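Residue numbers (the working numbering), protein chains in the order written: chain A, 3 to 217; chain B, 3 to 217; chain C, 3 to 217. All C-beta atoms, glycine included, are put in the ideal place defined by N, C-alpha and C. These numbers were taken from a predicted model, which means no experiment stands behind them. In what follows, a structure is listed as structure tokens, so that the remarks can point back to it.
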Amino acid sequence: MNIDTFVFIMEIIGTIAFASAGAMVAVEKEMDLLGVCVLGMTTAVGGGMIRDLILGVNPPVMFQNPVYALVAIAFSMLVFIVAYYNHKLQESKLYVAYDRLMLVCDALGLAIFTVVGVNAAWNMEYETTTFLQIFVGVLTGVGGGVLRDVMAGNTPYIFVKHIYASASIIGAVVTIVLMNFFGELTGMIAGAVIVFVIRIFAAYFKWNLPRIRKD
Amino acid sequence: MNIDTFVFIMEIIGTIAFASAGAMVAVEKEMDLLGVCVLGMTTAVGGGMIRDLILGVNPPVMFQNPVYALVAIAFSMLVFIVAYYNHKLQESKLYVAYDRLMLVCDALGLAIFTVVGVNAAWNMEYETTTFLQIFVGVLTGVGGGVLRDVMAGNTPYIFVKHIYASASIIGAVVTIVLMNFFGELTGMIAGAVIVFVIRIFAAYFKWNLPRIRKD
Amino acid sequence: MNIDTFVFIMEIIGTIAFASAGAMVAVEKEMDLLGVCVLGMTTAVGGGMIRDLILGVNPPVMFQNPVYALVAIAFSMLVFIVAYYNHKLQESKLYVAYDRLMLVCDALGLAIFTVVGVNAAWNMEYETTTFLQIFVGVLTGVGGGVLRDVMAGNTPYIFVKHIYASASIIGAVVTIVLMNFFGELTGMIAGAVIVFVIRIFAAYFKWNLPRIRKD
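Spelled out as structure tokens, the structure:
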């Protein structure tokens with residue numbers, strides 16, 4: 003497959019996943035329809051916007067090509083509509099499903115945007131260091147979620163969830179190593195799978211990094 | 003009138019309106035004199051700074067021309083002084099006036115910065131899409147207020163107030179359509195009036211978009 | 003001493019100071035090891051990143067040269083380890099020391115990044131106004147701390163602490179005046195000392211700007 007097409011498909015999947023995650027947080031916060039769309043869109047395009055600002059891509063890609071924002075808005079509305087007809091979401095069995103869906107969407111967005119970010123830095127016309135590629139990849143991956151949580155008034159996921167940024171960092175490193183040896187396609191797929199698997203396993207098995215509790 | 007002069011006057015009015023709105027929030031939060039100035043200035047120049055970062059105008063206009071920041075600081079101080087001599091603001095009849103003044107200032111800033119943002123994108127030397135123009139316009143309009151609310155620890159207005167970003171979006175679209183047919187001046191004036199009127203009407207008649215309440 | 007070497011040493015000291023301050027806030031918030039590193043790093047490199055985005059340095063220096071991030075991570079880990087073996091930090095005599103250490107680290111970072119920011123704007127290849135130099139200096143100084151506090155869910159220091167941004171503004175002005183008369187080295191050292199001394203004195207003597215309390 004053409005690498006550009008592949009990256010585009012990845013980005014659309016990531017956009018859908020993050021838009022849904024953002025919209026779910028907004029619904030939880032009882033925001034109105036437009037608030038849901040704004041938060042969904044911010045989550046979806048926020049990481050890419052930060053990436054482009056850092057790499058000096060002006061104006062950022064998401065502002066030039068409306069497809070990302072439109073897809074994000076469409077899926078945010080979809081989440082709103084589904085939630086609208088499931089008022090008692092939290093009290094029903096659906097709630098567990100909701101919680102899991104949120105986790106999967108967020109992990110998917112994190113995985114895809116990490117490797118897409120690494121790839122964007124890798125393909126800049128000016129020379130980029132491995133360090134920059136990793137850094138930009140992780141920022142692209144976690145950026146949307148941090149914006150979402152700060153705007154919604156929550157403590158960012160990245161600070162409280164089991165193994166979150168670490169999954170992104172490991173995936174970014176793997177992506178770069180494999181891209182060097184086996185090409186971009188293989189590197190990106192493997193990197194994304196690794197981020198996703200680590201994140202889901204960490205949530206499922208409640209893997210935690212050490213933390214200091216006051217008592 | 004010269005279009006540049008017109009835009010400059012609009013920007014100064016918007017700066018005054020948003021600086022006052024930001025300063026009022028800071029006073030509410032019992033911040034000190036400098037905190038009031040910082041929040042007033044952030045609200046006033048924040049939207050324009052985000053706009054210039056996205057459009058690739060480095061350094062942003064507000065950092066090159068001190069007039070915006072100085073006007074913002076002057077009016078933030080004015081708000082502080084007025085509030086200082088009206089200690090019991092909240093308990094007096096003035097409070098209602100205060101609440102309305104805040105609404106008008108915020109709506110005015112939203113209206114003006116939306117159309118100024120659209121116009122800035124429209125006038126870039128590189129080609130810009132209609133989508134980019136709308137997006138940048140809305141970001142310029144709502145950006146200052148979002149920064150204000152996040153920094154003050156409030157849930158951003160955009161997520162909780164009746165018809166806020168929607169007013170900005172409609173105004174941006176109207177501005178672009180009318181600029182194409184009747185020139186920049188007409189487009190900007192009409193767009194700004196529409197944002198302002200929709201926002202004020204929405205607040206007055208308590209227009210709301212649907213939202214999902216947990217009960 | 004070579005001015006570049008001097009600036010580099012200043013930046014490393016500022017990075018260590020701000021990373022430690024950020025890590026301490028994260029430990030207070032009971033974040034895990036990675037959260038501590040992320041917040042420490044954000045505090046340390048955040049101001050410089052904002053500075054470079056505004057000045058149009060793409061990609062920002064901290065993304066090109068890994069040394070800043072690595073130093074920030076190392077010292078964040080150090081803070082974590084020290085705190086880990088002092089579980090009962092808050093209840094012990096150490097707590098007072100902790101509180102003071104936090105103050106000194108934060109003041110040191112504020113002082114150094116203010117003058118480094120001024121100097122960076124001063125040395126741009128395009129012409130910069132005095133206003134821009136002051137503005138960028140202050141933003142570089144306070145930016146990391148604002149990001150830290152917003153991400154940690156605290157009200158930004160800048161709004162609540164005795165004489166914070168004012169110290170940075172005064173220091174920036176002094177730096178520019180002295181750089182014009184006595185060269186960069188003298189200006190930067192004097193400016194940094196002034197920011198640091200004002201900030202520490204303000205905290206010690208509880209200097210306050212006027213503020214309006216509701217009662």
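Residue i - DSSP class collapsed to helix/strand/coil
i	result
ARG213/C	strand
GLY111/B	helix
GLY193/A	helix
PHE203/C	helix
Neighbour flag for residue i against chain C, beta carbons, 8 angstroms
i	result
ILE160/A	yes
PRO62/A	no
ASP6/B	no
LEU134/A	yes
ALA21/A	no
MET26/B	no
PHE203/A	no
ALA167/A	yes
VAL148/B	no
VAL117/B	no
Rounded C-alpha distance that separates residue i from residue j
i	j	result
PHE183/B	VAL176/B	11 angstroms
ALA204/B	GLY139/B	20 angstroms
CYS39/A	ALA74/A	8 angstroms
LEU36/B	LEU110/B	24 angstroms
VAL152/C	ILE178/B	35 angstroms
GLY24/A	LEU187/C	48 angstroms
ILE56/A	PHE137/A	10 angstroms
LEU149/A	MET104/C	27 angstroms
ALA122/C	GLY16/A	37 angstroms
VAL59/B	LYS208/A	46 angstroms
ARG53/C	VAL84/B	34 angstroms
ILE165/C	TYR206/C	11 angstroms
ALA113/A	ASP101/A	18 angstroms
SER170/C	ASN4/C	25 angstroms
GLN135/A	ALA174/B	36 angstroms
MET181/C	THR132/C	12 angstroms
LEU141/A	GLY189/C	35 angstroms
ARG201/C	PHE20/C	15 angstroms
LEU1/B	MET43/A	The requested residue 1/B is not part of the displayed model; chain B covers only 3 to 217.
ILE191/B	PHE8/B	10 angstroms
ARG215/A	VAL199/C	34 angstroms
ASN88/C	LEU41/C	20 angstroms
GLY146/B	MET51/B	9 angstroms
GLY143/B	TRP124/B	15 angstroms
ALA28/C	PHE82/C	9 angstroms
GLY49/B	VAL47/A	18 angstroms
TYR1/C	SER168/A	There is simply no residue 1/C to check, as chain C begins at 3 and stops at 217 in what is shown.
MET64/A	PRO61/B	22 angstroms
THR157/A	VAL197/A	22 angstroms
Neighbour flag for residue i against chain B, beta carbons, 8 angstroms
i	result
GLU127/A	no
ASP108/A	no
TYR86/A	yes
LEU35/A	yes
GLY42/A	no
ILE172/C	no
GLY189/A	no
VAL195/A	no
THR142/C	no
ALA17/C	Before going on, a small fix: residue 17/C reads as Thr here, not Ala. Not one chain B Cβ lies under 8 angstroms of THR17/C.
Residue-chain proximity (residue i, chain A), Cβ-Cβ < 8 angstroms
i	result
GLY58/B	yes
ASN210/B	yes
ILE214/B	yes
LEU55/C	yes
GLY155/C	yes
THR177/B	no
PHE198/B	no
Exercise. Can at least three beta-carbon pairs, one atom from the stretch 60 to 80 of chain A and one from the stretch 69 to 87 of chain B, be found at a separation below 8 angstroms?
Worked result: no
Exercise. So does the stretch 116 to 136 of chain C actually touch the stretch 10 to 28 of chain C, counting three or more Cβ pairs closer than 8 angstroms?
Worked result: yes
Exercise. Counting Cβ pairs closer than 8 angstroms, one from the stretch 19 to 34 of chain B and one from the stretch 153 to 163 of chain C, do we hit at least three?
Worked result: yes
For this session: Return the chain-ordered ranges of every alpha helix (DSSP H) run that is complete within the stretch 116 to 183 of chain B and spans a minimum of 4 residues.
Result: 132 to 153 and 159 to 162
For this session: Enumerate, from N- to C-terminal direction, the unbroken alpha helix (DSSP H) stretches of 4 or more residues contained entirely within the stretch 13 to 100 of chain C.
Result: 35 to 57, 63 to 66 and 69 to 86
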